[in-house]
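> Our numbering applies: residue 133 is where the sequence shown begins, and numbers increase by one. Glycine included, C-beta positions come from ideal geometry on N, C-alpha and C. What follows is a structure written as structure tokens; I'll ask about it next.
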Amino acid sequence: MPGVTEEQITAAKQMSAIEFLRRYRPGQLVKAESRGEFQLKEHDSFKINETTSLWHWKSRDVGGKSALDYLIKVEGLKFVEAVQTLCGENPSYVPPVSQPEQPKEFLLPPAAENNRRVFAYLLKRGIDRKVIEACIRAGILYESADYHNAVFVGKDETGTARYAFLRGTYTRGNPFKAEVSGSDKRFCFCLPPKRESKKLAIYEAAIEPLAHLTLEGTTDKWRLSLGGIYAPEEGTQTSRDMKKTIALDAFLARHPEIEEIEICTNNDFAGRWAADHIEKAYQGKYRMVRNLPEKEGCDYADLTKERYEKQAVRQRAACSR
């Protein structure tokens, strides 16, 4: 082919689209709503799977898998130019790999005058009032002044806030969820026990330790949110190990007294996959207890909400008699 050789074409086809985007367009990749998917900052109808690299640009009805497909169909390069770009013979088009960003400053959102909306939201999720009050007194839960989000705060051993997770209190549509910029995942949201304990329970999200504490009513162990987990898409074949659990490893390093880890991830494919890998990774070093929610597809926050709604139905029925 004029301008490029068959060897160059073969070489150009080796790079996947997701690898190209991560290496040369990292600022364009934005997490999509679906697990394991990204979208482009400037084209939200463009979706790409981080495991398979399969992408589809819905508004243009084009798709592909390789970096070559992406450059031609999305960025509009001619075939020869795209091959030369991926073979390094057109370096002016591909910018140099960006330098790592400087760590972002961590600042907690300003607090609202009261925690009324957070109280109302968590109570309707079935969280016990005493649990909410204890978290607020400890300074690890409050309501933000701007959007009235629930702010779950993670602190270091000196009591300094190092991490925060925001969860929207509006119940319509998908709830807003995000970590505060600059959060340090080594200090994820954690509920301490009342007394010294050698037990640790781990959860996927910040609300789940509150929910499980509500259901159990016991304060005999640490309850740590991992700040999310990694798992492949259900049905995909992968030999990849689980990404390092930063929050768990850091907590265990700070607490050498821990002897038992209770796994309380969600009872869905991702949660079970993560539970399997966490159990395998720490087996032998710690006593491992698997305690996923009994109901398929649920986390512990789902169970407290379900219990609350059933109680509300019974109360309304009793009042109507």
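Quick one: using the 10 Å Cβ neighbour count with 16 as the cut-off for buried, is Lys179 buried or exposed?
buried
> Could you give the residue range of the alpha helix (DSSP H) that holds Gly403?
Annotation for Gly403: the continuous alpha helix (DSSP H) segment containing it runs 401 to 414.
> Leaving aside the five residues before and after Glu340 along the sequence, list all residues of the same chain whose C-beta is less than 6 angstroms from its C-beta, in chain order.
Asp431, Tyr432, Ala433
> Taking only the alpha-carbon atoms, compute the straight-line gap between Pro241 and Ile259 and give it to the nearest angstrom.
Rounded to the nearest angstrom, the two C-alpha atoms are 23 angstroms apart.
> What are the partner residues of Met147, as DSSP defines its beta bridges?
The partner list for Met147 (beta bridge, DSSP) is empty, contrary to what the question assumes.
> Quick one: grab the DSSP three-state call for Tyr253.
helix
> With 16 other CB atoms within 10 Å as the buried threshold, where does Ser185 fall?
buried
> Identify, in the order they occur along the chain, each residue of the same chain with its Cβ nearer than 7 angstroms to the Cβ of Val194, setting aside the five sequence neighbours on each side.
Hits under 7 angstroms: Lys205.
> Could you give the uninterrupted runs of the alpha helix (DSSP H) lying entirely in the segment 295 to 346, keeping only those of 4 residues or more?
none
> What does the alpha-carbon distance come out to for the pair Asn399 and Gln140?
Rounded to whole angstroms, Asn399 and Gln140 show a C-alpha spacing of 47 angstroms.
> Using 8 angstroms as the threshold, is the C-beta distance between Arg355 and Glu289 below it?
No, they are not a contact pair.
> To test your reading of the DSSP string, which unbroken alpha helix (DSSP H) runs of 4 or more residues are found completely within the segment 153 to 206?
199 to 205
> Three-state secondary structure (DSSP) at Tyr440?
helix
> Let me know if Gln447 comes out buried or exposed under the rule of 16 or more other beta-carbons within 10 Å of its beta-carbon.
Gln447 sits exposed, since fewer than 16 C-beta atoms from the chains shown fall within 10 Å of its C-beta.
> Can you have a look at Ala144 and say buried or exposed, based on whether 16 or more other CB atoms are within 10 angstroms of its CB?
buried
> Once DSSP output is grouped into helix, strand and coil, what is the label at Ala433?
helix
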